[in-house]
Amino acid sequence: MNVRHPAAALEPGAVVPRGSRVYPVSMAPESASASRPADRVRRTMRKHAPTGAAEALDEASDRAEEVTRHPWFRKAARVGHVANGILHILIGLIAWGLAFGSAPEDADQSGAIQLLAANPLGIGLIWLCAAGCVLLGLWYLSEAIWDRRSALDGVKDAGKAIVYVAIGVMFTVAALGGRQDSGESTSSVSASLMSHPAGAVLLIVAGLVIIGIGGYHVYSGVTQRFMKDLRSSSRRDVSRAISVTGTIGYVAKGIVLALVGLLFVVATLQRDPEDATGMDGALKALLDQPLGPVLLASIGVGLMLFGVFACMRSRYEA
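Structure representation (structure tokens):
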């Protein structure tokens, strides 16, 4: 025997199978949309904040979501992917030059930005990249709050938001005439942390996390897992070029990140903050290895391909 569901009145003849629970309208479960992170945040605000403040926060949340979902915001945020691509292409070029004995800047983000600033149109491009990275960071933050599919997705999107906003700040500092040395800054912070036992532990944990992130990049490249992040109706809609550049690029970047993390761990264990110099130090460390110039040149090509991938990625994300 079939039991008629109250909602079946919307569809004449609709029934629900035996054993299905039938709820009065007032007791019906919340819709799937109500379980979104944003809805849970709103419910928490209503519960703990004064009535007026909760309503104001709720309205502000709605407005922020509306802005970040606007097509023009998403299009503007795509500039951040292009900016990230330009950075990696320049870092790859610097690494290539370093492999053959001529590198004009440090092989990291700050060096790439300084190289870009030397271009006649550099300042304008830097401001454009700064805006794009900040907007992309805000878009990833909105994804973490309003549109994540799981807790892990939320953490990943929040991490990307922090990274892109930080890069945007670096672009902004350069546009205002400031100069940053990522390697020296990293060594300085590392030295301060190493002077305390808890700080040393924190550095080792940070190094292990970076190694893990690097390993995940390599895994994503080898298995082409990164293709799942591209907003396309099917993999056949994605060009062969983005598949190839992404595969090689992710592996190369993963190796660099793993080296950065390894240097953090080794530098901390040896109490030598001078070795904890970030990406520039990791790439230069390759020169001390057998076939060092060949390895560094290969990594440089891989980073350039990752940059090309990031530029093409703007078509599919944000």
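My numbering numbers the first residue of the sequence shown as 433 and each following residue consecutively. Glycine is no exception: its CB is placed at the ideal position from the N, C-alpha and C atoms.
- Per DSSP, A708 lies in no alpha helix (DSSP H) and is assigned neither H nor E.
- Straight through space, the alpha carbons of Y572 and K507 are spaced by roughly 13 Å.
- Taking G653 as reference, the option from L737, W559, R510, L553 with the minimal CA-CA separation is L737.
- Residue state for G533 is assigned as coil, using DSSP reduced to three classes.
- CA-CA distance, A550 to A714, rounds to 25 Å.
- G678 and F741 do touch by the CB rule: their CB atoms are close to 4 Å apart, below 8 Å.
- Secondary structure of Q541 (DSSP, three-state): helix.
- The Cβ-Cβ distance between A544 and L519 falls below 8 Å.
- Shown here, S671 sits in coil according to DSSP, grouped into three states, outside any helix or strand.
- For S622, the closest C-alpha among the options R703, I523, A684 is that of R703.
- Within the same chain, P725, L728, A729 come within 6 Å of A531 by CB-CB distance, once the 5 residues on both sides are set aside.
- Each residue's CA atom was taken as its position, placing T709 and S619 some 6 Å apart.
- Within the segment 545–590, the runs of alpha helix (DSSP H) that reach at least 4 residues and sit entirely inside it are, in chain order, 554–578.
- Comparing alpha-carbon positions, the option among V650, G639, R745 lying closest to D661 turns out to be R745.
- Shown here for I645: same chain residues with a beta carbon closer than 6 Å to its own, the five before and five after excluded, namely L689 in chain order.
- With distances taken between CA atoms, V511 lies nearest to G564 out of Q541, R501, G564, L525.
- Between the beta-carbon of I687 and that of V650 there is about 7 Å, and that keeps the pair under the 8 Å contact cut.
- A distance below 8 Å separates the beta carbons of M602 and S542.
- Counting only residues of its own chain and dropping the five nearest sequence neighbours on each side, L640 has a CB closer than 7 Å to the CB of G693, V697.
- Cβ atoms of A717 and L695 come within 8 Å of each other, at about 7 Å.
- Taking the Cα of T655 as reference, the smallest distance to any Cα among V683, I643, S671 is reached at V683.
- Distances from the CA of S574 to each of W559, I558, K592 were compared; the closest alpha carbon is that of K592.
- Here G739 is buried: its Cβ has 16 or more other Cβ atoms, across all protein chains shown, within 10 Å.
- When the beta-carbon positions are compared, G556 and L548 stay at least 8 Å from each other.
- Taking 8 Å as the cut-off, the Cβ atoms of D712 and D540 count as close.
- The alpha-carbon separation between W578 and L584 amounts to approximately 14 Å.
- When C-alpha distances from S627 are compared across L570, L691, A699, G533, the shortest belongs to A699.
- For G517, the number of other beta carbons within 10 angstroms of its own is at least 16, and it is reported as buried.
- As the crow flies, the alpha-carbon of H513 is around 6 Å from that of C743.
- Within the same chain, Cβ atoms closer than 6 Å to the Cβ of I599 are found at C565, the five residues on either side in sequence being excluded.
- Residue A509 holds the alpha-carbon nearest to the alpha-carbon of Y748 among R495, A509, E498.
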